[in-house]
Amino acid sequence: MDVMESKETMYRPLMAPSDFADDDSQTSMSDHASLLRKKPAWRQYIPSLNRFLLLFNMMLMTVAIVMVVTWEPTEKQCTRRLSMWSPALEAVEYVDADFADSFNSTSIYRGPPIPEREEAWDKLTYKHGIEVPESELAGLNRSPSDNLKKVPKEVGDGYVGILEVFHQLHCLNEIRMYTWWQVGKYPGTPDGLSMSPLKNRMHVDHCIESLRIALMCWGDVTPLLIRLGGPAGAKADFNTHHRCRNFDKLEDWIDNNWTVK
Numbered sequence: 215m216d217v218m219e220s221k222e223t224m225y226r227p228l229m230a231p232s233d234f235a236d237d238d239s240q241t242s243m244s245d246h247a248s249l250l251r252k253k254p255a256w257r258q259y260i261p262s263l264n265r266f267l268l269l270f271n272m273m274l275m276t277v278a279i280v281m282v283v284t285w286e287p288t289e290k291q292c293t294r295r296l297s298m299w300s301p302a303l304e305a306v307e308y309v310d311a312d313f314a315d316s317f318n319s320t321s322i323y324r325g326p327p328i329p330e331r332e333e334a335w336d337k338l339t340y341k342h343g344i345e346v347p348e349s350e351l352a353g354l355n356r357s358p359s360d361n362l363k364k365v366p367k368e369v370g371d372g373y374v375g376i377l378e379v380f381h382q383l384h385c386l387n388e389i390r391m392y393t394w395w396q397v398g399k400y401p402g403t404p405d406g407l408s409m410s411p412l413k414n415r416m417h418v419d420h421c422i423e424s425l426r427i428a429l430m431c432w433g434d435v436t437p438l439l440i441r442l443g444g445p446a447g448a449k450a451d452f453n454t455h456h457r458c459r460n461f462d463k464l465e466d467w468i469d470n471n472w473t474v475k
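Each residue of the sequence shown is one higher than the last, beginning at 215 in our numbering.
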């Protein structure tokens with residue numbers, strides 16, 4: 215028997231490396247899954263942001279619809295839309311007024327020729343011309359090939375024009391003078407008329423036709439009412455209420471902006 219007793223050596227099995235790896239892997243996967251489940255803080259505001267954008271777009275759409283439904287063009291915009299081109303459109307202004315046109319109404323323009331009346335009519339009708347740029351001819355249904363008169367070179371490169379209203383007033387004055395001349399109210403032949411009966415007749419007929427065309431073109435549809443009572447009984451109320459272009463403004467414009475004599 216040996217002197218020293220042999221002792222039983224005790225061994226504990228070591229954990230395999232794979233065991234460590236499995237534990238670490240499980241921990242890592244658990245942590246990763248936790249991170250995936252945890253959303254970024256800003257994402258919690260997305261639903262509120264979407265609701266805000268939806269409401270904002272609805273408000274914008276509502277405002278746009280209201281603006282479209284209630285928007286109205288200005289008088290200037292309407293005038294330009296409903297008129298041929300003219301440099302004088304900038305002077306167009308509208309006024310409401312009653313006509314003073316009863317049979318017994320008085321006016322400087324009404325009655326037999328006297329010096330003051332002739333001067334008033336001359337002031338209405340004899341106006342200088344304007345320059346029409348070549349770029350605006352197409353809007354007037356004309357072109358340079360129409361053999362149009364050009365303004366003097368010192369004025370510009372455009373074409374000579376006059377405002378239609380003053381031609382129409384000239385024609386009205388021509389008819390006025392002719393009728394009074396026919397009944398002997400002028401001592402001689404008034405300016406604008408000729409010694410030739412044929413030329414006068416042709417001129418007056420042209421003016422009558424010009425005014426007919428203009429009146430039918432504008433087609434005034436303002437109601438003219440009938441007044442009852444009085445010595446004459448029922449009679450037309452010629453003092454009709456109208457919306458007019460302010461003629462004083464047009465006259466001021468041409469007096470200050472003419473370019474061609």
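Glycine is no exception: its CB is placed at the ideal position from the N, C-alpha and C atoms.
Among the options, the one whose alpha carbon lies nearest that of residue i
{"i": "Leu-296", "options": "Val-282, Arg-331, Val-283, Cys-431", "result": "Cys-431"}
{"i": "Ser-300", "options": "Tyr-340, Gly-353, Lys-341, Asn-271", "result": "Gly-353"}
{"i": "Phe-313", "options": "Glu-307, Ser-321, His-417", "result": "Ser-321"}
{"i": "Asp-336", "options": "Gly-370, Ser-262, Arg-390", "result": "Arg-390"}
{"i": "Trp-472", "options": "Gly-325, Pro-411, Leu-377, Arg-426", "result": "Leu-377"}
Cα-Cα separation between residue i and residue j, rounded to whole angstroms
{"i": "Met-275", "j": "Cys-292", "result": "27 Å"}
{"i": "Asn-460", "j": "Asp-466", "result": "10 Å"}
{"i": "Leu-351", "j": "Leu-442", "result": "51 Å"}
{"i": "Ser-316", "j": "Leu-429", "result": "20 Å"}
{"i": "Gly-447", "j": "Asn-318", "result": "16 Å"}
{"i": "Ile-344", "j": "Val-474", "result": "6 Å"}
{"i": "Lys-449", "j": "Ser-349", "result": "51 Å"}
{"i": "Leu-386", "j": "Tyr-340", "result": "13 Å"}
{"i": "Ile-279", "j": "Leu-268", "result": "17 Å"}
{"i": "Lys-463", "j": "Trp-394", "result": "30 Å"}
{"i": "Glu-304", "j": "Asp-469", "result": "14 Å"}
{"i": "Met-416", "j": "Val-435", "result": "31 Å"}
{"i": "His-420", "j": "His-381", "result": "12 Å"}
{"i": "Met-409", "j": "Leu-383", "result": "22 Å"}
{"i": "Ile-422", "j": "Met-281", "result": "47 Å"}
{"i": "Ala-334", "j": "Val-277", "result": "54 Å"}
{"i": "His-342", "j": "Glu-330", "result": "22 Å"}
{"i": "Phe-270", "j": "Arg-294", "result": "37 Å"}
{"i": "Ile-440", "j": "Val-374", "result": "45 Å"}
{"i": "Glu-388", "j": "Pro-366", "result": "29 Å"}
Cβ neighbour criterion (16 or more within 10 Å) applied to residue i
{"i": "Gly-372", "result": "buried"}
{"i": "Met-273", "result": "exposed"}
{"i": "Gly-444", "result": "exposed"}
{"i": "Val-346", "result": "buried"}
{"i": "Asn-264", "result": "exposed"}
CB contact below 8 Å: residue i versus chain B
{"i": "Leu-351", "result": "Looking at the structure shown, chain B is missing, and only one protein chain is on hand."}
field: Unbroken stretches of the alpha helix (DSSP H), 4 residues or longer, contained in the region 253-317
entry: List check, alpha helix (DSSP H) in window: 260-284, 289-295.
message: My parser needs the alpha helix (DSSP H) runs of 4 or more residues fully inside the region 421-453; what are they?
response: For the region 421-453, not a single whole alpha helix (DSSP H) run of length 4 or above is found.
Minimum length 4: unbroken alpha helix (DSSP H) runs contained in the region 311-350: Given a length threshold of 4 residues, each whole run of the alpha helix (DSSP H) inside the region 311-350 is given here in chain order: 329-339.
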